[in-house]
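J.: Take this structure, written in structure tokens, and hold onto it; I'll ask about it next.
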Amino acid sequence: MIKTKIFEIDDLSTSKDKIKEAADLLIKGGTVAFPTETVYGLGANALDEEAVAKIFKAKGRPSDNPLIVHISKIEQLYELVESVPPIAEKLIERFWPGPITLIMKKSNNVPDIITAGLDTVAIRMPSHAIAKEIIDMAKLPIAAPSANLSGKPSPTKASHVIKDLNGKVDGIVSGGSSQVGLESTVLDITLEIPMILRPGGITKEDLEQVLERVEIDPGIEGVTSDDVTPRAPGMKYTHYSPQADVIIVSGKVDEIVPKIIELTKQKQKEGKKVGIMCTDETKNKYMNGIVYSMGSREKIETIATKLFDTLRQFDEEDVDLIFAEGIDRKSVGHAIMNRMIKAAGYNVIKSGR
Ligand code: TXA
Ligand code: MG
258 MIKTKIFEID
268 DLSTSKDKIK
278 EAADLLIKGG
288 TVAFPTETVY
298 GLGANALDEE
308 AVAKIFKAKG
318 RPSDNPLIVH
328 ISKIEQLYEL
338 VESVPPIAEK
348 LIERFWPGPI
358 TLIMKKSNNV
368 PDIITAGLDT
378 VAIRMPSHAI
388 AKEIIDMAKL
398 PIAAPSANLS
408 GKPSPTKASH
418 VIKDLNGKVD
428 GIVSGGSSQV
438 GLESTVLDIT
448 LEIPMILRPG
458 GITKEDLEQV
468 LERVEIDPGI
478 EGVTSDDVTP
488 RAPGMKYTHY
498 SPQADVIIVS
508 GKVDEIVPKI
518 IELTKQKQKE
528 GKKVGIMCTD
538 ETKNKYMNGI
548 VYSMGSREKI
558 ETIATKLFDT
568 LRQFDEEDVD
578 LIFAEGIDRK
588 SVGHAIMNRM
598 IKAAGYNVIK
608 SGR
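See below:
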């Protein structure tokens with residue numbers, strides 16, 4: 258057990274001393290979790306192999322899964338990559354700081370432990386004020402995967418991080434809820450046509466405003482078939498799993514609801530405690546089960562923000578299984594369904610007859 262120091266930040270302008278203390282832990286080779294606009298990250302000095310190894314240990318993360326390096330100033334980018342392609346400049350201009358990670362050819366400064374031996378490195382400049390301040394004060398590039406135990410839903414609140422990592426890391430900066438709620442879009446720009454390796458808050462449509470062509474990695478959700486391997490090593494792992502089994506019921510909303518009601522009755526007869534992960538629009542249709550809404554279908558960003566928190570809420574309720582309503586794959590709905598399908602271990606039932 259490590260003694261984990263918790264830094265409560267209510268108002269950043271009066272908390273510079275706490276941020277300095279957290280940054281000092283990073284400078285000394287420690288691990289510190291902090292909020293970003295996507296999810297909380299578990300940071301360490303990206304140039305210090307021993308420090309980075311502590312991240313893998315605390316999370317129980319497989320060593321073949323590379324980390325994202327976080328920067329707060331554009332100058333830091335040039336140290337980390339071989340060169341900055343013109344396309345990167347356009348993307349950076351439009352989307353940084355923000356929820357998109359760019360894969361570029363790495364420079365020799367980046368240790369192998371970060372990239373899992375790949376010749377590319379993932380880089381992101383977060384927009385969250387606390388994340389920016391910590392990286393600024395540490396004056397270091399900071400490696401930071403999501404601050405959850407490997408396999409668990411990514412943390413969008415400090416309480417999630419404390420549950421997973423208290424006693425395993427040197428510091429946790431508590432700074433409210435992550436606004437986006439899903440991890441960054443990962444875009445590989447080393448390819449002829451840029452490819453989305455992980456869908457996120459910045460959507461394909463957003464990218465098409467800047468890029469002529471964008472592809473989506475066909476391997477992202479193809480893990481069940483052997484012939485397509487995702488290009489981002491992390492995408493091959495089952496993820497985001499609460500204790501209970503998750504089963505997605507997909508289709509049209511007016512067919513999903515009766516299907517879930519029917520399945521719930523069936524499982525309850527078998528003596529199972531059933532959770533239902535629904536939406537604001539459907540919530541009052543369920544009379545049985547432990548019912549939580551993920552947010553509004555009309556305002557799909559609200560579902561992105563609350564998805565992981567809702568998954569974790571079911572752990573508190575000790576349910577045996579969770580039926581989750583499928584979401585339309587429009588805009589950020591694509592990223593939401595990507596995470597839900599992984600949480601469900603590819604267990605999807607179609608509601609249509
Ligand atoms: O929003 C985010 O990106 C959060 C916050 C903390 O910034 N971080 C995050 O990191 O989600 P992590 O480690 O949970 O996910 C990183 C993803 C993994 O799927 C990993 O395989 C992929 O990025 N990745 C990292 N470096 C890569 C590379 N060189 N090539 C391909 N994929 C890479
Ligand atoms: Mg993660």
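Just so you know, this note's numbering puts 278 at position 21 of the sequence shown, and the rest follows in order with no gaps.
Backbone N, C-alpha and C define an ideal beta-carbon position, used for all residues, glycine too.
1) If contacts are defined as beta-carbon pairs under 8 Å, then valine 418 and alanine 404 qualify, I think. What distance do you get, rounded to the angstrom?
2) Is the stretch 486 to 496 in contact with the stretch 322 to 330, if contact means three or more CB pairs nearer than 8 Å?
3) Exposed or buried, proline 343, counting other C-beta atoms within 10 Å across all chains shown (16 or more means buried)?
4) Taking 7 Å as the cut-off, is the CB of valine 440 close to at least one heavy atom of the ligand MG?
5) When you compare only the Cα positions, how much space is there between lysine 273 and threonine 413?
6) Report the residue from Ile392, Arg455 and Thr486 whose alpha carbon sits nearest the alpha carbon of isoleucine 278.
7) Please report the residue range of the beta strand (DSSP E) in which alanine 581 lies.
8) Can you check DSSP and say which residues form a bridge with serine 431?
9) Rounded to whole angstroms, what's the CA-CA distance from alanine 601 to valine 296? Just pull it up for me.
10) Excluding the five sequence neighbours on either side, which residues of its own chain have a C-beta within less than 7 Å of the C-beta of serine 550, listed in chain order?
11) If you draw a straight line from the C-alpha of glycine 619 to the C-alpha of serine 507, how long is it?
12) Can phenylalanine 571 and proline 515 be called in contact, C-beta distance under 8 Å?
13) Closer than 7 Å to a non-hydrogen atom of the ligand TXA - does that hold for the CB of alanine 290?
14) Is methionine 394 a contact residue of the ligand COA, with contact defined as CB to any heavy atom under 7 Å?
15) What is the DSSP secondary structure of glycine 298, counted as helix, strand or coil?
16) If we ignore side chains and look at the alpha-carbon of each, how far apart do valine 326 and glutamate 462 end up?
17) Can you give me the C-alpha to C-alpha distance between isoleucine 399 and leucine 337, rounded to a whole angstrom?
18) Is serine 403 helix, strand or coil by DSSP?
19) Taking the CB atoms as reference points, tell me whether alanine 501 and glycine 532 lie closer together than 8 Å.
20) Is it the case that the Cβ atoms of serine 431 and isoleucine 266 are separated by a distance below 8 Å?
21) If you draw a straight line from the alpha carbon of lysine 524 to that of aspartate 268, how long is it in whole angstroms?
22) So is the beta-carbon of proline 402 under 7 Å away from any non-hydrogen atom of the ligand MG?
23) For methionine 258, which option in Pro354, Gly590 and Lys314 has the closest C-alpha, if you only look at C-alpha atoms?
24) Judging by CA-CA distance, which residue of Ser588, Leu464, Gly428 and Arg455 is the nearest neighbour of lysine 311?
25) Say whether the stretch 557 to 575 touches the stretch 585 to 592, bearing in mind that this needs 3 or more beta-carbon pairs closer than 8 Å, one atom from each stretch.
26) Going by beta-carbon coordinates alone, are serine 407 and arginine 318 separated by less than 8 Å?
27) Excluding the 5 residues flanking asparagine 423 on each side, which residues of the same chain have their C-beta closer than 6 Å to its C-beta?
28) Using a Cβ distance threshold of 8 Å, determine whether the stretch 292 to 306 contacts the stretch 468 to 478, with at least three qualifying pairs required.
29) Rounding to the nearest angstrom, what Cα-Cα distance links alanine 581 and threonine 567 in this structure?
30) Say yes only if the C-beta of threonine 486 is nearer than 7 Å to one or more non-hydrogen atoms of the ligand TXA, and no if none qualify.
31) Do you know how far the Cα of lysine 362 is from the Cα of threonine 521?
32) Which two residues bound the contiguous beta strand (DSSP E) that contains alanine 290?
33) Only counting runs of 3 or more residues, tell me where the beta strand (DSSP E) segments fall wholly within the stretch 367 to 391, in order along the chain.
34) Is glycine 532 helix, strand or coil when you go by DSSP?
35) DSSP three-state label for threonine 521, please.
T.: According to the data block:
1) Between alanine 404 and valine 418 the Cβ distance is about 5 Å, and since that is below 8 Å, they are a contact.
2) Touching, yes, given that three or more Cβ pairs across the two stretches are closer than 8 Å.
3) Classification for proline 343: exposed.
4) In the sequence under discussion, the amino acid at residue 440 is glutamate, which differs from the valine named in the question. For glutamate 440, the distance from the CB to the nearest heavy atom of the ligand MG is below 7 Å.
5) Between lysine 273 and threonine 413, the C-alpha separation is close to 22 Å.
6) Note that residue 278 is glutamate in the sequence shown here, rather than isoleucine. For glutamate 278, the nearest C-alpha among the options comes from Ile392.
7) Counting along the chain, alanine 581 sits inside the beta strand (DSSP E) bounded by residues 578 to 582.
8) Beta-bridge pairing by DSSP links serine 431 to Glu265.
9) Distance between the alpha carbons of alanine 601 and valine 296: 20 Å.
10) Shown here for serine 550: same chain residues with a beta carbon closer than 7 Å to its own, the five before and five after excluded, namely Cys535, Thr536, Asp537 and Lys540 in chain order.
11) Absent from the model: residue 619. The displayed extent of the chain is 258 to 610, so no value can be given.
12) For phenylalanine 571 and proline 515, no; Cβs fall outside 8 Å.
13) No - the ligand TXA has no heavy atom lying nearer than 7 Å to the Cβ of alanine 290.
14) The ligand COA is not part of this structure, which contains only the ligand TXA and the ligand MG.
15) For glycine 298, the secondary structure class from DSSP, reduced to helix, strand or coil, is strand.
16) In this model, valine 326 and glutamate 462 are separated by some 25 Å (Cα to Cα).
17) Using only the alpha carbons, I get a separation of about 11 Å.
18) Taken through DSSP and simplified to helix, strand or coil, serine 403 comes out as strand.
19) Closer than 8 Å, so yes.
20) Yes, the pair counts as a contact, with Cβ atoms nearer than the cut-off.
21) Lysine 524 and aspartate 268: Cα-Cα distance of roughly 47 Å.
22) Checking the Cβ of proline 402 against the ligand MG gives yes.
23) Ranking Pro354, Gly590 and Lys314 by Cα distance to methionine 258 puts Lys314 first.
24) Nearest to lysine 311 by C-alpha distance, out of Ser588, Leu464, Gly428 and Arg455, is Gly428.
25) Contact holds: three or more Cβ-Cβ distances are below 8 Å.
26) In terms of Cβ geometry, serine 407 and arginine 318 form a close pair [threshold 8 Å].
27) Excluding residues up to 5 positions away in sequence, Thr261 lie with their Cβ nearer than 6 Å to the Cβ of asparagine 423 in the same chain.
28) In the pairwise beta carbon analysis, the stretch 292 to 306 is classified as not touching the stretch 468 to 478: fewer than three pairs are separated by under 8 Å.
29) Taking the straight line from one Cα to the other gives about 11 Å.
30) No, since every heavy atom of the ligand TXA falls outside the 7 Å radius drawn around the Cβ of threonine 486.
31) One alpha carbon belongs to threonine 521, the other to lysine 362, and they sit about 50 Å apart.
32) Unbroken beta strand (DSSP E) run through alanine 290: 289 to 291.
33) Note on the stretch 367 to 391: whole beta strand (DSSP E) runs with a minimum of 3 residues are 377 to 381, in chain order.
34) Note: glycine 532 maps to strand in three-state DSSP.
35) In the displayed model, threonine 521 falls within a helix according to three-state DSSP.
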